[in-house]
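For the sequence shown, our numbering gives the first residue as 278, with consecutive numbering after it. Worksheet: one structure, shown below.
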Amino acid sequence: DRMVRPLRRMVRTVLALEDDPLRVAQKKAPREEGLARELAVVEQALHKIAELMRLGFGEAGAHIIKENMRLGDRVEVNSEMKGKVVHAIYGFCDIRNFTDCTEALQGEVIKLVNEVAAIVHQSVVDNLGTPNKNIGDAFLMVWKPKGSYSITEVADRALRSNIRIMIETAQSRRLERWAKKPAIQHRLPGYHVKMGFGLHFGWSIEGAIGSGHKIDASYLSPHVNMASRLEAATKQFGVMVLFSEDVFGLLSHNVQLLCRCVDRVTLKGSAKPMRLYTYDVPMIKARNGTLDDNVQLGDPDMSTDAFFELVPPTTDPGFRDLWAFAMENYLGGPTGEDADWHVAREVLDQLHTDNELDEPTNKLIAVIDSLKGQDGEHPVAWRGYRTLEEK
278 DRMVRPLRRM VRTVLALEDD PLRVAQKKAP REEGLARELA VVEQALHKIA
328 ELMRLGFGEA GAHIIKENMR LGDRVEVNSE MKGKVVHAIY GFCDIRNFTD
378 CTEALQGEVI KLVNEVAAIV HQSVVDNLGT PNKNIGDAFL MVWKPKGSYS
428 ITEVADRALR SNIRIMIETA QSRRLERWAK KPAIQHRLPG YHVKMGFGLH
478 FGWSIEGAIG SGHKIDASYL SPHVNMASRL EAATKQFGVM VLFSEDVFGL
528 LSHNVQLLCR CVDRVTLKGS AKPMRLYTYD VPMIKARNGT LDDNVQLGDP
578 DMSTDAFFEL VPPTTDPGFR DLWAFAMENY LGGPTGEDAD WHVAREVLDQ
628 LHTDNELDEP TNKLIAVIDS LKGQDGEHPV AWRGYRTLEE K
């Protein structure tokens, strides 16, 4: 019986791994003796292998593991399995000024990246998402409809996750110690670890990318690339997060009211004009913000309303209403024919007076001034959107 019991446990482990590779819990080896002890060690090894596969493949690779477990006596990994179409929210974030950090810290930069990864991954998992790829200074995250949660709840949680990461990054004493390293401060005086975020919704092909030598489980789609481009565009708009109109349309009404459209553009790789939105993320007092330095956002059971009450946008409803009026006069409807840049510019000047540090206001004033004609109005060819030339 002492030999049969561990053999039965191992069989159950293998069957559970075949059924759902992501839910095989690692267990401590039972206390056994003799041959039974050796079997228990093998059983423990199976749990460790399962955990390593979970870490290596992630959610996108679960079906790869399941299918290969069903290959029977076949030893090699089948890298030619067909991918499947999924619809999801794709998030892309990266660490700002990472090249300078790498040159300053050299090999120790890995420790900084892993500190950031711990914050990013935990927030994503707590908010119904899945970390997919770590790409040096950048992270790809995915939110798919999950269980009983509606796509609206998932979208709200995706935005929550991004906001939480920004604030917890600022709160991290370990990251602050890295940022204060003389080698970094010499290159970037006053540097703090900061990140930019992009969110987009659409279809992708989920599957195994690679060969029998190396496989990555990931997502292929222009929509994934769009999330990366939105993150890159945050620098042009002076914001920490940008999300597409596709994501905005999925958010709950109460959360939508807290966001604002910052422009309508076409980005590289897409000819379709798209409205871009942001959330004016508040910051802790230690970073010249208004939030308590010890604000706690890590409770995954916190309601969406409670979360956004803790981290309200830095702009008030009156400011956002006036901004929306300026934006509509700038865009001029779907075709741009109703644009009135004189009105838009006048309102933007008022907003600038109210808040000189609001970057979207300053950026839009600069855009209008660079594109307007001699009469101060929009160009004749204006169609209600502009092209972002940069990636």
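The beta carbon of each residue, even a glycine, is placed where N, CA and C say it ideally should be.
Is the separation between the beta-carbon of residue i and that of residue j shorter than 9 Å?
i    : j    : result
L608 : A616 : yes
L382 : K458 : yes
V516 : E636 : yes
H369 : G479 : The amino acid at residue 369 is misidentified as His; the sequence shows Phe. The answer is no: Cβ separation not under 9 Å.
L323 : V291 : yes
I396 : I442 : yes
F525 : R552 : yes
Y529 : E430 : Before going further, note that residue 529 is Ser rather than Tyr in the sequence given. Yes, they are a contact pair.
A548 : L417 : no
Y367 : H500 : yes
L574 : I440 : yes
At what residues does the alpha helix (DSSP H) containing residue i begin and finish?
i    : result
D618 : A small correction: the amino acid at residue 618 is Trp; Asp does not occupy that position in the sequence shown. Unbroken alpha helix (DSSP H) run through W618: W618 to D631.
M503 : P499 to F514
C378 : F375 to L382
With 16 other CB atoms within 10 Å as the buried threshold, where does residue i fall?
i    : result
P656 : exposed
D433 : buried
P550 : buried
V319 : exposed
T664 : exposed
D593 : exposed
S438 : buried
A583 : exposed
I626 : Before going further, note that residue 626 is Asp rather than Ile in the sequence given. Flag for D626 reads exposed.
Let's see if you can read the secondary structure: which residues bound the beta strand (DSSP E) around residue i?
i    : result
P408 : T407 to I412
D371 : K361 to I372
W420 : A415 to W420
S521 : V518 to S521
I486 : M472 to G487
Give me, in chain order, the residues of the same chain whose beta-carbon lies closer than 6 Å to that of residue i; leave out the 5 immediate sequence neighbours on both sides.
i    : result
R537 : R597 and W600
I486 : D493 and S495
K361 : E483
T591 : D557 and P559
N606 : D617, V620 and A621
Given this structure, state the Cα-to-Cα distance separating residue i from residue j, to the nearest angstrom.
i    : j    : result
H398 : M472 : 14 Å
K562 : D371 : 23 Å
E392 : A447 : 12 Å
D578 : N404 : 9 Å
Y662 : E385 : 44 Å
V363 : P422 : 10 Å
P611 : R660 : 8 Å
Y468 : N565 : 14 Å
I444 : I645 : 32 Å
P408 : S481 : 16 Å
F585 : R464 : 36 Å
R289 : R314 : 18 Å
For residue i, verify whether its CB is less than 8 Å away from any heavy atom of the ligand COA.
i    : result
W420 : The ligand COA is not among the ligands present in this structure, which contains no ligands whatsoever.
Can you list, in chain order, the residues of its chain with a C-beta nearer than 7 Å to that of residue i? Leave out the 5 residues immediately preceding and following it.
i    : result
K602 : A small correction: the amino acid at residue 602 is Phe; Lys does not occupy that position in the sequence shown. Result list for F602: V624, in chain order.
N502 : G546
K649 : W618 and H655
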